[in-house]
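Working notes, structure below.
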Amino acid sequence: MLRFVKEEQALRQIGSTPDAGESSGLRPDRIVSGRVVPIAEDGWEYEVEKDWRSELWVPPHRSTGTRQPTPRTKAHCRGWLVDPTTCRSVGFSSTHELRVAALLMANRAVVEVEDQPPAIRYLGVDGRWHHHTFDFRATYSTGYKIAIAVKPKTDLEKSGIRQVLKQARTELSDFADEAIVLTDENVTIARGWNALSILRARRARNDEDCARMRAFFKGVHGAIHASHATAQFDDRASALNAIWCLIYDGVLRPVFPDRKLVDAPFVAKAMSIH
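Note that my numbering has the sequence shown beginning at 14, numbered continuously upward.
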């Protein structure tokens, strides 16, 4: 409860929460979930007449995972995130997997995130063939693929995942270029919180707001408090959303990336803005 109050106070300070009596709402350029496709029959699209739109909303693509999160469980966090890049659901079976998935989707260099990709076959130290299913496979814009195993740091030894990866790396072939394990030491709660904030901002992106915020930062030198930037907008929630989008774009960067932005709300330019 104290953490919730702290975050609400911090969000109010940097402008994402409207003051009492104020109304505020984001104005996304596109629908925030799913996609819109033209209505067609026999390969022929209907013509648009007057204000009538010949479009149909369809939900996000289903997860391609070979295994899906269990619908009912005890003491575990399971569910799906929608990747804005591919408009596809990505499953997770723990809060740690949730943070890893969000961090991958918040990286503009990653063009595809797959949960529970097909298992690979590898020769174990016992001389027998085994199968291993990675938690995620990330494909970068360069075509480079990374297979990712997700484990809590406390489970690294007893799970034997390091030995599994050592043996599996020799059998990756076209499946992936590299295999790694990510723990809660690598993907912290703070980094996951920031990544989820980026995902939320991407869904509600408004290009006009982003352009205005980008123009503001042309005259900024060094780091500034996020509230100074959001103060340039009448709608501070939209301004903060634009900041998150520009962080995703690589235009801005959090000064303290290992902390939640609400705890250390300072941002700076990550590149020259022309």
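By construction, the Cβ of each residue, glycine as well, lies at the ideal position given by its N, Cα and C atoms.
The stretch 216 to 223 in contact with the stretch 243 to 256 per 3-pair CB rule at 8 Å
With the cut-off at 8 Å, the stretch 216 to 223 and the stretch 243 to 256 touch.
Where residue 64 falls: helix, strand or coil (DSSP)
Stepping through the sequence shown from its first residue, residue 64 is reached at position 51. At residue 64 the pLDDT is 49, less than 50, meaning the model places this residue with poor confidence; the figure from the coordinates comes in the next sentence. It is coil, neither helix nor strand.
Measuring alpha carbon to alpha carbon, tell me which of 197, 148, 262, 67 ends up nearest residue 128.
Position 115 of the sequence shown, counting from 1, holds the residue named residue 128. Closest by alpha carbon: 148.
Does the Cβ of residue 61 have 16 or more other Cβ atoms within 10 Å, making it buried, or fewer, making it exposed?
Position 48 of the sequence shown, counted from the start, is the residue given in the question as residue 61. Bear in mind that the predicted position of residue 61 carries a pLDDT of just 47, short of 50, making it too unreliable to give a figure here.
Do you know how far the Cα of residue 103 is from the Cα of residue 172?
For the purposes of this step, residue 172 is taken as residue 159 along the sequence shown, with counting starting at 1. For the purposes of this step, residue 103 is taken as residue 90 along the sequence shown, with counting starting at 1. Computed Cα separation, rounded: 24 Å.
So, residue 154 versus residue 200, is the Cβ gap smaller than 8 Å?
Residue 154 sits at position 141 when you count from the first residue of the sequence shown. Residue 200 sits at position 187 when you count from the first residue of the sequence shown. Cβ distance not < 8 Å, so residue 154 and residue 200 don't count as in contact.
Other residues of its chain near residue 227: CB distance less than 7 Å, five sequence neighbours each side excluded:
Your numbering for residue 227 matches position 214 in the sequence shown. Cβ-Cβ distances below 7 Å link residue 227 to 259, 264, 286 in the same chain, with the five nearest sequence neighbours on each side left out; the list follows chain order.
Return the CA-CA distance between residue 29 and residue 212, expressed in angstroms with no decimal places.
Numbered from its first residue, the sequence shown carries residue 29 at position 16. Numbered from its first residue, the sequence shown carries residue 212 at position 199. Its pLDDT being 49, under 50, residue 29 is placed unreliably by the model, and nothing is read from it.
CA-CA distance, residue 161 and residue 77?
Numbered from 1 along the sequence shown, position 148 holds the residue referred to as residue 161. Numbered from 1 along the sequence shown, position 64 holds the residue referred to as residue 77. C-alpha separation (whole angstroms): 16 Å.
From 100, 122, 131, 275, residue whose alpha carbon lies closest to that of residue 188:
For the purposes of this step, residue 188 is identified with residue 175 of the sequence shown, where counting begins at 1. Distance check between residue 188 and each of 100, 122, 131, 275 places 131 closest, using alpha-carbon atoms only.
Going by the C-beta, is residue 243 closer than 7 Å to any heavy atom of the ligand ZN?
Of the ligands one can find in the structure shown there are none, so the ligand ZN has no counterpart to examine.
In whole angstroms, what is the alpha-carbon distance linking residue 179 and residue 142?
On the sequence shown, residue 179 is found 166 positions in, with the first residue counted as 1. On the sequence shown, residue 142 is found 129 positions in, with the first residue counted as 1. Computed Cα separation, rounded: 14 Å.
What separation, rounded to the nearest whole angstrom, lies between the Cα atoms of residue 118 and residue 138?
In the sequence shown, residue 118 corresponds to position 105, counting from 1. In the sequence shown, residue 138 corresponds to position 125, counting from 1. Residue 118 and residue 138: Cα-Cα distance of roughly 35 Å.
Quick check on the DSSP output: the beta strand (DSSP E) that includes residue 43 runs from which residue to which?
One-based indexing of the sequence shown puts residue 43 at position 30. Annotation for residue 43: no beta strand (DSSP E) segment contains it, and DSSP assigns it neither H nor E.
Where the alpha helix (DSSP H) through residue 89 begins and ends:
Numbered from its first residue, the sequence shown carries residue 89 at position 76. No alpha helix (DSSP H) holds residue 89; DSSP gives it neither H nor E.
Report the three-state DSSP secondary structure of residue 184 (helix, strand or coil).
Within the sequence shown, residue 184 is the residue found at index 171, counting from 1. Here residue 184 sits in helix by DSSP.
Could you work out which residue in 101, 121, 94, 140 is closest to residue 108 when comparing CA atoms only?
The count along the sequence shown starts at 1 and reaches residue 108 at position 95. Considering only alpha carbons, the answer is 94.
Is the separation between the beta-carbon of residue 237 and that of residue 275 shorter than 8 Å?
Here residue 237 is taken as the residue at index 224 of the sequence shown, counted from 1. Here residue 275 is taken as the residue at index 262 of the sequence shown, counted from 1. Result no, Cβ atoms of residue 237 and residue 275 do not sit closer than 8 Å.
Which first and last residues belong to the alpha helix (DSSP H) in which residue 198 is found?
Indexing the sequence shown from 1 puts residue 198 at position 185. It is not in any alpha helix (DSSP H) - residue 198 carries neither H nor E in the DSSP assignment.
Is residue 192 helix, strand or coil by DSSP?
Along the sequence shown, read from residue 1 onward, the residue named residue 192 stands at position 179. Strand at residue 192.
Rounded to the nearest angstrom, what separates residue 166 and residue 198 at their Cα positions?
Within the sequence shown, residue 166 is the residue found at index 153, counting from 1. Within the sequence shown, residue 198 is the residue found at index 185, counting from 1. Between the alpha carbons of residue 166 and residue 198 lies a distance of about 7 Å.
Drop a sphere of 10 angstroms on the beta-carbon of residue 270, count the other beta-carbons inside from all chains shown, and report buried for 16 or more, exposed for fewer.
Locating residue 270 in the sequence shown gives position 257, counting from the first residue. Exposed is the call here.
CB residue 98 to CB residue 91, shorter than 8 Å?
One-based indexing of the sequence shown puts residue 98 at position 85. One-based indexing of the sequence shown puts residue 91 at position 78. If you check the CB distance, residue 98 and residue 91 do not come in under 8 Å.
Alpha carbon of residue 133 to alpha carbon of residue 247, nearest angstrom
Within the sequence shown, numbered from 1, the residue matching residue 133 stands at position 120. Within the sequence shown, numbered from 1, the residue matching residue 247 stands at position 234. Cα-Cα distance, rounded: 53 Å.
Where residue 79 sits in the DSSP three-state scheme:
Along the sequence shown, read from residue 1 onward, the residue named residue 79 stands at position 66. Reduced to three states, the DSSP call for residue 79 is coil.
Leaving out five residues before and five after residue 284 in sequence, what residues of the same chain have Cβ atoms less than 8 Å from its Cβ?
Taking the first residue of the sequence shown as 1, we reach residue 284 at position 271. Excluding five sequence positions before and after residue 284, the CB atoms of its chain that fall closer than 8 Å to its own CB belong to 263, 264, given in chain order.
Since residue 74 and residue 43 are thought to touch, with beta carbons under 8 Å apart, how far apart are those beta carbons, to the nearest angstrom?
As a first step, residue 74 must be located in the sequence shown, where it is residue number 61. As a first step, residue 43 must be located in the sequence shown, where it is residue number 30. Distance from residue 74 to residue 43 at the Cβ level is roughly 16 Å; contact not present, criterion being Cβ atoms closer than 8 Å.
Determine the contact status of residue 126 and residue 163, defining contact as a CB-CB distance below 8 Å.
Reading the sequence shown from its first residue, position 113 is the one you call residue 126. Reading the sequence shown from its first residue, position 150 is the one you call residue 163. Contact flag unset, no.
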